[in-house]
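Numbering (our numbering), first residue to last: 637 to 704. All C-beta atoms in this analysis are idealised placements derived from N, C-alpha and C, irrespective of residue type, glycine included. Take a look at the structure set out below.
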């Protein structure tokens, strides 16, 4: 791996978070099917990318120096 990406674009990270949430829900008596977990991982990955994009736009708008 020679390239890097922001943490919020990592499907591994989001998949791990979904697994933790699914485990917590399982302890609470709520069971998620595998297809639900996959869909939730995809949704969270997209949401993370969207939030990252909004942060980037906000950062550029609020920046005090121009891009050189």
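Each residue's CA atom was taken as its position, placing residue 676 and residue 689 some 20 Å apart.
The region 641-654 and the region 676-685 touch, with no fewer than 3 CB-CB distances between them shorter than 8 Å. With contacts defined by Cβ atoms closer than 9 Å, residue 658 and residue 649 do not form a contacting pair. The C-alpha of residue 691 is placed about 30 Å away from the C-alpha of residue 661.
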